[in-house]
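Peer 1:
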Amino acid sequence: MSLIHPTAIIDPSAVIADGVEIGPYSIIGPDVEIGSGTWIGPHVVIARLTTIGKGNKIYQFSSVGEDCQDKKYAGEPTRLIIGDNNVIREGCSLHRGTVQDNGITVIGNNNLLMTCVHIAHDCVIGDNTIIASDAAIAGHVKIDDWAIVGGASAIHQFCHIGAHAMCGGSTYVSKDIPAYLMVTGNPAQAHGMNVEGLKRRGFSSDSISDLRKAYKMVYRQGLRLETAIAEIESGDVSSELQVFVDSLKASTRGIVR
């Protein structure tokens, strides 16, 4: 049984699973699907064409699934897909995709979006990320699993933030961040591997040592990126190290230096 406050407005086409709670004065628009166990606080707007999984918590004044802020958008039926067990705090804005990309904005599972985070059109957010208050994620950005974006950071369109990377607060990112890196500043600069984060997530000392060596090849030895990658690949490449190498190879905007 769903627990829907009598002041909430629910479009007849919305599909609300059992166990969903919707607070006072919230609005659920057309073609919205909400999975079981999700809690929608008061004064939340879920505009339209949005799929929300199970066990999410969406706090007051958030705007979810609204039309994007792209002047090329002409009302096409694009979507926002949100996975399971995410926490979306007060005042967040999450926009649907555009037909110029895949038409879908995706947010995975177990993410924490702190107050007033903006996720623009066509972004793809992985699992277990933390995006801190007032961070602005521009269109077409990809953020991989376990990454952390500091408060008041700004991420430029089409950037890619690799797995387990960490951006300090108020960082401006206009290039790709390889997996595992710590960056901060305006513009962002690399400051080593996210060693403490990797330890907390159970990475072995050998894996961390290998990643540190690879970082030095890329950032400390004055090598061209292609040469550094070849040097890394000439030795034994663990699965963890392969993630770093793959993130270097996948960069389309150049990497943060």
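Count along the sequence shown starting at 1, add 25, and that's the number in our numbering. C-beta atoms are modelled at their ideal positions from N, C-alpha and C, and glycine is treated no differently.
1) Tell me where the beta strand (DSSP E) around A204 begins and ends.
2) Hey, is the segment 166-176 in contact with the segment 234-245, meaning 3+ C-beta pairs nearer than 8 Å?
3) Run through DSSP, which three-state label would A179 get?
4) Under a three-way DSSP split, which group does V89 fall into?
5) Run the CB neighbour count on G284, radius 10 Å, all protein chains shown included, and call it buried at 16 or more, exposed below.
6) Tell me which residue opens and which closes the beta strand (DSSP E) that A42 is part of.
7) Let me know if S87 comes out buried or exposed under the rule of 16 or more other beta-carbons within 10 Å of its beta-carbon.
8) Suppose the cutoff is 6 Å on Cβ atoms and the five residues either side in sequence are ignored; what does the same chain contact list for D152 look like?
9) Spell out a yes or no on whether the segment 244-254 and the segment 175-188 are touching, meaning 3 or more CB-CB pairs, one atom from each, closer than 8 Å.
10) Ignoring anything shorter than 3 residues, give me the beta strand (DSSP E) runs that lie fully in the segment 209-259, in order along the chain.
11) What three-state label does DSSP hand L273 in the structure shown?
12) Ordered along the chain, which non-local residues of its own chain (more than five positions away) have a Cβ less than 8 Å from that of M218?
13) For E58, name the three-state secondary structure that DSSP assigns.
14) Return the residue from the list G44, V45, I65 and A42 that minimises the CA-CA distance to I52.
15) For E46, I'd like the list of residues in its chain whose CB is within less than 8 Å of its CB, leaving aside the five on either flank, ordered along the chain.
16) Would DSSP call P112 helix, strand or coil?
17) Kindly provide the ranges of any beta strand (DSSP E) runs that are 3 or more residues long and lie completely inside the segment 119-195, ordered along the chain.
18) Could you check the C-alpha separation between V268 and G187 for me, to the nearest Å?
19) Output yes or no for whether 8 Å exceeds the beta carbon distance between V198 and A215.
20) If we call anything under 8 Å between Cβ atoms a contact, is Q94 one with H120?
21) Are the beta-carbon atoms belonging to H185 and S276 less than 8 Å from one another?
22) Helix, strand or coil: which one does DSSP assign to L266?
Peer 2: This is what the structure gives:
1) Counting along the chain, A204 falls outside any beta strand (DSSP E), and DSSP gives it neither H nor E.
2) no
3) strand
4) strand
5) No answer is possible for residue 284: it lies beyond the span of the chain, which begins at 26 and ends at 282.
6) Taken as a continuous stretch (DSSP letters only), A42 belongs to no beta strand (DSSP E), as it is neither H nor E.
7) buried
8) G133, N134, N135 and D170
9) no
10) 214-218
11) helix
12) Y205, L206, M207, I233, L236, R237 and Y240
13) strand
14) I65
15) S27, L28, I29, T63, W64 and I65
16) Note on identity: in this sequence residue 112 is Val, with Pro being the wrong assignment. Three-state result, V112: strand.
17) 129-132
18) 9 Å
19) no
20) yes
21) yes
22) helix
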